[in-house]
Amino acid sequence: MSACNSVIRTYLSNLHCKLDLNPKPFVLPPSLRPLTSVPLCSPISSRITHTRSFSAIQEIAPLEDESPEELAKDTVEHLLTHQDDVARLMKMERKSGMGTHDKRWFPYFDRFRCGSEFLSSREVIEAIGPALMEERKERLKRVVRNRSYSVCLVVEGLSDFGNVSATFRSADALGLQSVHVVACDSSKRYRENRHVSMGAEKWLDIELWNTPKECFEVLKSRGYRIATTHLGMDAVSIYDMDWSRPTAIVVGNENRGISNEALELSDLHCSIPMKGMVDSFNVSVAAGIVMHQAVCDRTMRLGCHGDLSEDESQILLAEFLLRHNNSSISIAHEYAKRKAGIPPITTL
147 MSACNSVIRT
157 YLSNLHCKLD
167 LNPKPFVLPP
177 SLRPLTSVPL
187 CSPISSRITH
197 TRSFSAIQEI
207 APLEDESPEE
217 LAKDTVEHLL
227 THQDDVARLM
237 KMERKSGMGT
247 HDKRWFPYFD
257 RFRCGSEFLS
267 SREVIEAIGP
277 ALMEERKERL
287 KRVVRNRSYS
297 VCLVVEGLSD
307 FGNVSATFRS
317 ADALGLQSVH
327 VVACDSSKRY
337 RENRHVSMGA
347 EKWLDIELWN
357 TPKECFEVLK
367 SRGYRIATTH
377 LGMDAVSIYD
387 MDWSRPTAIV
397 VGNENRGISN
407 EALELSDLHC
417 SIPMKGMVDS
427 FNVSVAAGIV
437 MHQAVCDRTM
447 RLGCHGDLSE
457 DESQILLAEF
467 LLRHNNSSIS
477 IAHEYAKRKA
487 GIPPITTL
């Protein structure tokens, strides 16, 4: 038995040497080392990583990976002082602003222009969909299911883009897709405020107007009633309103409130009942409270806030995919070329 144990210990000792359980790191000789300073392999992260099957189409980069220049263009301050950039933010072809509509307003046609070609929303989804992670696509679908154009937000004469950013963030979080800005003062200097909006402006339909009259005429033609937030004897409590009707919520300047012109042109005045010594909220807080009440009331009356039809949901999903980042537009254009039978450009 002793001899047997000795043989086993000798065998295990030799095996340990052969396996070399504590190997020294392998170092390439100088002549074979790469010219770059990038290591041949990176240390394994302790964080859990999600994997998926390989696809020939590269995944679209997440929003955080966009260049600083592109991120700067998405700030509320930049968008509201560069009207052309606001128009370019929306990708699918849009309907004209005016016109009487029998049904609830929906702004998009089912087509996206790619040069001389057009893609339907189905084709846009077919082209861009495979380039996104499944988790990302599911999140976009959930957002679309809870979106509505039946309630929209109008901010009039605000002088602080931080407040505009905060109202945009609340609108996006509560499922309002359409926001309007009337006569925002762009003559002052403002701080960077992307952290206030959290990038919500990227996913909203933003329209800019010079006067309340211009804005309200278009909104009324789309079937909205205009409800201005105002403390007055004729003001209706927001908790007594029927928010299942298409309604434009108007909030005003931080100091002056709603302008006299907007008050006269509105269909009704509404207010938030106050229980304390102060008689007003910060404008962004007030907007958030009114929008939240609208969503709650609609959910109670209708069963949900989101009310897009199946076709409208598909179009808005295509719109969101096109907005995802610059790669989305490139993918859609390549798809349109293949659809038209244009051979790809080859490089030597």
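The sequence shown begins at 147 in the working numbering and counts up one residue at a time.
Idealized CB from N, CA, C, for every residue including glycine.
So, at 7 Å on beta carbons, what are the nonlocal neighbours of residue i in its own chain, with the 5 sequence-adjacent residues on each side left out?
i      : result
Ile477 : Ala273, Ile274, Ala277
Glu400 : Leu304, Ser305, Asp306, Asn309, Val429
Short of 8 Å in beta carbon distance, which residues of its chain neighbour residue i, apart from the five on each side in sequence? Order them along the chain.
i      : result
Cys450 : Asn292, Arg444
Lys359 : Glu407, Leu411
Val325 : Cys298, Leu299, Val300, Val301, Thr313, Phe314, Ala317, Leu350, Asp351, Ile352, Glu353
Met437 : Val297, Leu299, Ser316, Ala317, Leu320, Leu322, Ile395
Quick one: what's got a C-beta closer than 6 Å to residue i's C-beta in the same chain, skipping five residues either side?
i      : result
Val290 : Ser459, Leu462, Leu463
Gln323 : Arg293, Tyr295, Asp351
Ala440 : Val297, Trp389
At what residues does the beta strand (DSSP E) containing residue i begin and finish?
i      : result
Asn351 : For the record, residue 351 in the displayed sequence is Asp; it is not Asn. First-last of the beta strand (DSSP E) with Asp351: 351-355.
Ile395 : 393-397
Arg371 : 371-375
Ser405 : Neither: Ser405 is in no beta strand (DSSP E) and is coded neither H nor E.
Given a threshold of 16 other Cβ atoms within 10 Å of its Cβ, counted over all protein chains shown, does residue i qualify as buried or as exposed?
i      : result
Pro253 : buried
Arg269 : According to the sequence provided, residue 269 is Glu. The question's Arg does not apply to it. Glu269 is buried by the Cβ-count criterion.
Met423 : exposed
Cys163 : Confidence is the limiting factor: at Cys163 the pLDDT is only 48, short of 50, which leaves the residue's position unreliable and the question unanswerable from this model.
Ile404 : buried
Ile488 : exposed
Asp425 : exposed
Gly261 : exposed
Can the beta-carbon of residue i be found less than 8 Å from the beta-carbon of residue j?
i      : j      : result
His479 : Ser417 : no
Arg259 : Ser266 : no
Pro392 : Gly378 : no
Val396 : Ile435 : no
Leu409 : Thr374 : yes
Ser473 : Leu467 : no
Glu465 : Met279 : no
Taking the continuous alpha helix (DSSP H) assigned at residue i, which residues delimit it?
i      : result
Ser311 : 307-320
His479 : 472-486
Ser367 : 358-367
Val431 : 429-448
Leu414 : Here Leu414 belongs to no alpha helix (DSSP H); instead the beta strand (DSSP E) covers 414-417.
Tell me whether the region 306-320 and the region 420-430 touch, counting them as touching only if at least three CB pairs, one residue from each stretch, are closer than 8 Å.
yes
Below 8 Å, how does it come out for the region 374-386 and the region 281-290: are there three or more Cβ pairs, yes or no?
Contact between the region 374-386 and the region 281-290 is not established, with fewer than three Cβ pairs separated by less than 8 Å.
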